[in-house]
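Our numbering numbers the first residue of the sequence shown as 1 and each following residue consecutively.
The beta carbon of each residue, even a glycine, is placed where N, CA and C say it ideally should be.
Written below as structure tokens is the structure these notes are about.
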Amino acid sequence: MSLPKVAIVGRPNVGKSSLLNRLARQRVSIVDPTPGVTRDRVSSIIEIEPPLETPKGTPEKLIELIDTGGYGVYVVEGKRYNEVGADLAQLTPEIENQIKIAREQAALILFVIDSQAGITGLDQTVATILRQEGAADRVLLVANKVDSDEWLAHGLEAAGLGFGEPVCVSAMNGFGSRRLTDAIYEQVGDNENAELDPDADMKIAIVGKRNSGKSTLINALAGEERAIVSEIAGTTRDSFDVRFEIDGRVLIAIDTAGVRKRKSFADDIEYYAYHRMLSAIRRADVVALLIDASVEISQVDKKLAMELQRQFKPTVIVVNKIDQLDQDRITPESYLEYLTEQLRGFSFAPIVFISAINSDGLDELVAMAFNLYQQASHREPTSSINQIIKKILKERGPSSRLGTQAKLYYATQVMTNPPTLALSVNDPKLFVGRYERYLLNRLREELPYSEVPIRLLFTKRKRMDLQEMKETAGRRARSNDPVNNGE
Numbered sequence: 001m002s003l004p005k006v007a008i009v010g011r012p013n014v015g016k017s018s019l020l021n022r023l024a025r026q027r028v029s030i031v032d033p034t035p036g037v038t039r040d041r042v043s044s045i046i047e048i049e050p051p052l053e054t055p056k057g058t059p060e061k062l063i064e065l066i067d068t069g070g071y072g073v074y075v076v077e078g079k080r081y082n083e084v085g086a087d088l089a090q091l092t093p094e095i096e097n098q099i100k101i102a103r104e105q106a107a108l109i110l111f112v113i114d115s116q117a118g119i120t121g122l123d124q125t126v127a128t129i130l131r132q133e134g135a136a137d138r139v140l141l142v143a144n145k146v147d148s149d150e151w152l153a154h155g156l157e158a159a160g161l162g163f164g165e166p167v168c169v170s171a172m173n174g175f176g177s178r179r180l181t182d183a184i185y186e187q188v189g190d191n192e193n194a195e196l197d198p199d200a201d202m203k204i205a206i207v208g209k210r211n212s213g214k215s216t217l218i219n220a221l222a223g224e225e226r227a228i229v230s231e232i233a234g235t236t237r238d239s240f241d242v243r244f245e246i247d248g249r250v251l252i253a254i255d256t257a258g259v260r261k262r263k264s265f266a267d268d269i270e271y272y273a274y275h276r277m278l279s280a281i282r283r284a285d286v287v288a289l290l291i292d293a294s295v296e297i298s299q300v301d302k303k304l305a306m307e308l309q310r311q312f313k314p315t316v317i318v319v320n321k322i323d324q325l326d327q328d329r330i331t332p333e334s335y336l337e338y339l340t341e342q343l344r345g346f347s348f349a350p351i352v353f354i355s356a357i358n359s360d361g362l363d364e365l366v367a368m369a370f371n372l373y374q375q376a377s378h379r380e381p382t383s384s385i386n387q388i389i390k391k392i393l394k395e396r397g398p399s400s401r402l403g404t405q406a407k408l409y410y411a412t413q414v415m416t417n418p419p420t421l422a423l424s425v426n427d428p429k430l431f432v433g434r435y436e437r438y439l440l441n442r443l444r445e446e447l448p449y450s451e452v453p454i455r456l457l458f459t460k461r462k463r464m465d466l467q468e469m470k471e472t473a474g475r476r477a478r479s480n481d482p483v484n485n486g487e
């Protein structure tokens, strides 16, 4: 049984994103006073506690809470034109379509108004649309920005919209939150048999510069329009998860905002979106670095590649828009050489060619992502690691101007995701730099980590103090004692 959906709708700047964050008890949506921050559907699965007056043992209810864009955001108010003069009103039909999908799928609709601003013409428009769609019986009116009892009278004015008495809340300070969760609990149908979907088999973050096709790829993978696709750069502002199933395996794809040079950020929203993208990378199992084949590799592409290396993230380089390549002039082989030259330090990362708009190459992308996740999750036996590293050192060890011979005392894998090897050596300085890069390349040849980052931790073996020497000598003596050995 799927979870009941609860959609949050309303005009811009009524605090829908703040309400989602308040109910989810975490920052899911970007909150900013600029109208039009939320454009796609952003959702979170949350648990609603039963009202206090219900009998003890009454179960909680699980719901999928969905934030939507503000209705009429670029027509009535806000920044209609972005920093390069693109008319953002072109996004209005797509935003309204996402709102419509959310309304149609919702078991309950939270119609949010701003009690401090009063009822506006756009609020009346949203109310009319809900009635025309026959959704009035699924509407719970929420008067937001009721920061204290003094604002209750203003919030109750929303009853004039014809959806009954509103629930007065403040998403910012939590006033009235319990009344709202009680109302949601009572109006969402029983779902005692509803369970969370099984844990995802893999989380994959889609990252790339603006207009590289991330939202198109998300929609192609999910098989539905979950993200707005537009020629206007920077359409996606937030990071959001899309859960879907392929060949019986559950995946979560994380769509992220398109990146450009940080010095070109137009406002705080881009700054927040950039850090949401970094957060998405951290919580992903695998990252798909989307490259636009129709344009040259940019500094943004290179910076993203460096960030992924810094975070030791398994990465599949996804070359999108191959349908726009001049096949007579550019071959896959020549493009591979070009990528290797431009994205230095990422020569081990696998490359997949796709056309997201035509859904070409998606099976190969998903298969490669699972392969990388499997590599990064592997744990190699300690004996094997020591044997392989000693073999590499014997073939070619690090050189020292002072003639110091590099010695490996012990090596073991201490972590997976990323594979992390701890090496106890006589002098870590002998191993860093060029030799470390050589050692990493050789380890990829010898260990089952050929296409994922490997983290090496070099530590210098400390000299034992007098007490440790005594304890070690005692252990050795006991191990050689025939009585203790059962002889």
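Around PRO419, the same chain offers TYR449 and ILE454 as residues with beta carbons nearer than 6 Å, after the five sequence neighbours per side are excluded. Leaving aside the five residues that flank ASP241 on each side, the residues in its chain whose CB is nearer than 6 Å to its CB run, in chain order, ILE252 and ILE254.
Counting only unbroken stretches of 3 or more residues, the beta strand (DSSP E) elements lying wholly within the region 400–439 are 408–415 and 420–425, in sequence order. For THR382, the enclosing alpha helix (DSSP H) covers residues 382–395. Listed as beta-bridge partners of LYS61 by DSSP are ILE48. Following the DSSP letters along the chain, one finds THR216 inside the alpha helix (DSSP H) bounded by residues 214–222. Taking the Cβ atoms as the reference, ILE113 lies roughly 14 Å from GLY176, outside the contact range of under 8 Å. The beta-carbon distance between ILE281 and VAL207, rounded to whole angstroms, is 7 Å. This is short enough to meet the 8 Å contact definition. The continuous alpha helix (DSSP H) containing GLY155 extends over residues 152–156.
Separation of PRO4 and ILE46 (C-alpha to C-alpha, rounded to the nearest whole angstrom) is 11 Å.
When only Cα atoms are considered, ALA205 and THR181 end up about 32 Å apart.
Straight-line measurement puts the Cα of ALA406 at about 7 Å from the Cα of GLY397.
Rounded to whole angstroms, the gap between the alpha carbons of LEU290 and ILE101 is 27 Å.
Per DSSP, ARG455 is one residue of the beta strand (DSSP E) stretching across 455–460. For a cut-off of 8 Å, the C-beta gap from GLU451 to LEU372 is around 6 Å, short enough to register as a contact. Comparing alpha-carbon positions, the option among SER355, GLN124 and GLU337 lying closest to SER215 turns out to be SER355. With fewer than 16 neighbouring CB atoms inside 10 Å of its own CB, MET415 falls in the exposed class.
Less than 9 Å divides the Cβ of VAL425 from the Cβ of THR459. Going by DSSP, PHE312 is part of no alpha helix (DSSP H) at all; its letter is neither H nor E. In this model, PHE346 and ALA200 are separated by some 27 Å (Cα to Cα).
Look at ASN21 here: in three-state DSSP terms it is helix. For GLY164, DSSP records no beta bridge to any residue. With contacts defined as CB atoms closer than 9 Å, SER170 and ASN211 fail to qualify as a contacting pair. Counting along the chain, the unbroken beta strand (DSSP E) around VAL287 starts and ends at 286–292.
In this structure the region 325–342 does not touch the region 356–363; the number of beta carbon pairs closer than 8 Å is below three.
Put simply, the backbone Cα of ILE48 is about 42 Å away from that of VAL300.
Our two residues, LEU152 and THR315, have alpha carbons roughly 52 Å apart in a direct line. With a cutoff of 9 Å on beta-carbon distance, ALA117 and ALA7 are scored as not near each other. If you look at LEU108, you'll find it in the beta strand (DSSP E) that goes 108–114. Assignment of ILE8 by DSSP, reduced to helix, strand and coil, places it in the strand class. Taking every protein chain shown into account, the CB of LEU122 has 16 or more other CB atoms within 10 angstroms, so this residue is buried. If you check the CB distance, ARG461 and ILE392 do not come in under 9 Å. A direct Cα-to-Cα measurement between GLU395 and GLU445 gives close to 14 Å. VAL139: member of the beta strand (DSSP E) spanning 139–144, first to last residue. Per DSSP, the unbroken alpha helix (DSSP H) holding ILE184 starts and ends at 177–187.
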